[in-house]
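In our numbering, the protein residues as written are 1 to 450.
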């Protein structure tokens, strides 16, 4: 034990003794070299041989030569974020055989990477080249990096998914959001059988080819939101039976096909918000037996017939606000479900005229001979006194609400919180709305109370 303690003390002493002049070396557990924010235009000539992590963030580094860091067998983490690096010599990271994490994000002058940029990094697990100026990657750039699991490439200039990703069977997380990707080809994601997380949000994707996702059988979180999609292949998500969260919000869909989600038996959260939906085909959600949360807010939906969506099988939350709902008898089932389970709120009525501005929960459905009578068909001059009193109370309540100064706000849409490549719990992403934003005009209220 004494010998082991002496060895550790000697290693820590050596770390401090050979610490670069412009850096700080900490001696907790292992040798950490902190050179961030030091104004360095060039790399220090040498680093402690015992270094396990080096932080060179926010300097003015421009160039990395071959074997730029010498031989550092203990180095596991190297960070070069926020520099001015414009050229990386092939073999720059040779001599770092145990490096696990390499961060080079926010280097706006990096436009090109050589095929041998990452040669020698056989144990690399996490690579971050986000927010650089990359237009592509050589197809064989990761040939030696077969241990790579997490790849951060968001906010670059990729117009297609780099072919370098194909066949990287150990990849589990890929971040490609905020690029300029226009299409997903059927070969783009081949061989990524262990991928759990894929983020393609905020690109320019307008085409997804058939069978593009066929190898992603272990995918759990998939972000396709805020693209230019208006259509999908007939069985776009075939085989994605382990998918837990799918975000298709912020696209240009007008219709939902019943074949799209047929294989998603473990899906828990589905975002279809901020599209242009007017029609959902019957049976579109029938196989989503694990669904907890469904976002349909901010579309052009006016009806949601019972055969399309049967809430008896739905056990979570449903978001329907910011749609032009026609609150007639076809939505009576939805009102009853709202009242029974309290899992859906804010369904403002855009029609019929007699209920414009009311929430569906406030609409009174009259009955004649046991049949529901649409609110638009009510005739106040021939109504019974009981119905008239109910109607008058309802409009008095509306006037009171119009005079209130505060509007109740709901929890914000989870689409925004999922940005920047963060691994959030998809079930936490909710949708936003301000209840009663389209209240009925006072002139209409006055007319109905005469």
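For each residue, glycine too, the CB sits at the ideal point set by N, CA and C. All values reported here derive from a predicted model rather than from experimental measurement.
For the pair residue 190 and residue 159, the CB atoms are not nearer than the 8 Å cut-off.
Taking C-beta atoms as the reference points, residue 256 and residue 224 fail to come closer than 8 Å.
When secondary structure is reduced to three states using DSSP, residue 13 falls in the helix class. Secondary structure remark: continuous beta strand (DSSP E) runs of at least 3 residues inside the stretch 174-237, in chain order: 197-199 and 221-223. Just so you know, the alpha carbons of residue 358 and residue 295 end up roughly 21 Å apart. A direct Cα-to-Cα measurement between residue 170 and residue 27 gives close to 34 Å.
A direct Cα-to-Cα measurement between residue 54 and residue 70 gives close to 13 Å. With the rule of 3 Cβ pairs closer than 8 Å, the stretch 87-106 counts as touching the stretch 124-139.
DSSP lists no beta-bridge partner residue for residue 328. Closest by C-alpha distance to residue 58, out of 66, 68 and 79, is 79. In terms of Cα proximity to residue 142, the closest of 182, 119, 355 and 93 is 119.
Excluding sequence positions up to five before and after residue 135, its CB lies within less than 6 Å of the CB of 157, all in the same chain and listed in chain order.
DSSP, read as helix, strand or coil, puts residue 109 in coil.
Taking all protein chains in view, the Cβ of residue 145 is crowded by 16 or more other Cβ atoms within 10 Å, so the residue is classified as buried. For residue 244, the number of other beta carbons within 10 angstroms of its own is at least 16, and it is reported as buried. The alpha-carbon separation between residue 185 and residue 208 amounts to approximately 6 Å.
Beta-bridge annotation (DSSP): residue 150 is paired with 126 and 173. For residue 367, the enclosing beta strand (DSSP E) begins and ends at 366-368. The DSSP assignment places 24-26, 31-34, 51-55 and 77-79 as complete runs of the beta strand (DSSP E) inside the stretch 11-86, in order along the chain (cut-off: 3 residues). Taken atom to atom, the span from the alpha-carbon of residue 348 to that of residue 334 is near 13 Å. Counting the other CB atoms within 10 Å of its CB gives residue 281 a total below 16, which places it among the exposed residues. In this structure, residue 360 and residue 329 do not form a Cβ contact; the two beta carbons are roughly 12 Å apart against a cut-off of 8 Å.
For the pair residue 148 and residue 173, the Cα-to-Cα distance works out to about 10 Å. Under the DSSP assignment, residue 114 falls outside any beta strand (DSSP E); it carries neither an H nor an E label. Comparing C-alpha distances from residue 33 to each of 16, 45, 40 and 308 shows the shortest one belongs to 16. Sequence-distant partners of residue 63 (beyond 5 residues in either direction) whose C-beta falls short of 6 Å from its own C-beta, in its chain, are 87. When the beta-carbon positions are compared, residue 288 and residue 261 come within less than 8 Å of each other. Secondary structure at residue 334: helix, using DSSP grouped into helix, strand and coil. Note on the stretch 241-269: whole beta strand (DSSP E) runs with a minimum of 3 residues are 245-247, in chain order.
DSSP lists no beta-bridge partner residue for residue 140.
Following the DSSP letters along the chain, one finds residue 371 inside the beta strand (DSSP E) bounded by residues 371-373.
Beta-bridge analysis with DSSP links residue 351 to 326.
A buried status is given to residue 202, since no fewer than 16 other beta-carbon atoms sit within 10 Å of its beta-carbon.
Cβ-Cβ distances below 6 Å link residue 323 to 299 and 301 in the same chain, with the five nearest sequence neighbours on each side left out; the list follows chain order.
When beta bridges are read from the DSSP output, residue 88 appears opposite 64. In this structure, the beta-carbon distance from residue 140 to residue 115 falls below 8 Å.
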